[in-house]
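Numbering (the numbering used here), first residue to last: 756 to 861.
Quick reminder that beta carbons are idealized off the backbone N, C-alpha and C, glycines included.
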Amino acid sequence: VLILLNMGCLIVDVNLGAESKSSPSWLVVCNLFILFAYLVEVVLRIFVFRKTFFKDACSVLDLMVISVDLVVTLTVTIWPVSLALPVVLARIARLMKMTRALRMMT
756 VLILLNMGCL IVDVNLGAES KSSPSWLVVC NLFILFAYLV EVVLRIFVFR
806 KTFFKDACSV LDLMVISVDL VVTLTVTIWP VSLALPVVLA RIARLMKMTR
856 ALRMMT
C-alpha cells in the first residue's frame, strides 16, 4: 500500500513540476508521511540486525537513499530554494528501493 501511495504521489509531483506548478499541501504532507515511514523502517532494521545491517550492501543503499531524501526535504523545508530535480530524484530512488521489497515478496 505504501509503495502504491509513494508511486501515486511521485506521479502527481512530477506532473505538477512539468507544468511549473507548486506542490499542494496535501502532497507535501503525503511525502513527509512516506519519508517518515521509510525512516522508521530503516531504524527498526538497524535495531534488529545491528552490525549485520551494515554488512548488506542493499541495506546500506537504503540508508543512504533515505538519508539523502531526508536532508533534501529538510533543506527545502527550512530554506525554500528551488531543488525540484534533486527532490524528485531522491523520491525516485526511494521508490526504486521499494521495488526490491516487491521482488523479495514474490
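Buried or exposed (CB count within 10 angstroms, at least 16 for buried), residue i
{"i": "N786", "result": "buried"}
{"i": "N761", "result": "buried"}
{"i": "D768", "result": "buried"}
{"i": "I833", "result": "exposed"}
{"i": "D811", "result": "exposed"}
{"i": "C813", "result": "exposed"}
{"i": "V820", "result": "buried"}
Closest residue to residue i among the options (Cα-Cα distance)
{"i": "V827", "options": "L790, E774, S775, L771", "result": "L790"}
{"i": "Y793", "options": "T830, S822, V831", "result": "S822"}
{"i": "C764", "options": "K806, A848, L782", "result": "L782"}
{"i": "V756", "options": "F788, F809, D824", "result": "F788"}
Nearest-angstrom Cβ-Cβ length linking residue i and residue j, presumed shorter than 8 Å
{"i": "V797", "j": "L818", "result": "6 Å"}
{"i": "L771", "j": "S780", "result": "No, L771 and S780 are not in contact; Cβ-Cβ is about 12 Å, not under 8 Å."}
{"i": "F809", "j": "R800", "result": "The pair is not a contact, with the Cβ atoms about 11 Å apart (cut-off 8 Å)."}
Minimum Cβ-Cβ distance from residue i to chain B less than 8 Å
{"i": "F809", "result": "This model lacks chain B altogether, as it is built from one protein chain only."}
query = What runs of the alpha helix (DSSP H), each 4 residues or longer, lie entirely inside the stretch 775 to 849?
reply = Every unbroken stretch of the alpha helix (DSSP H) spanning 4 or more residues and falling wholly within the stretch 775 to 849 is given here in chain order: 780 to 804, 812 to 833.
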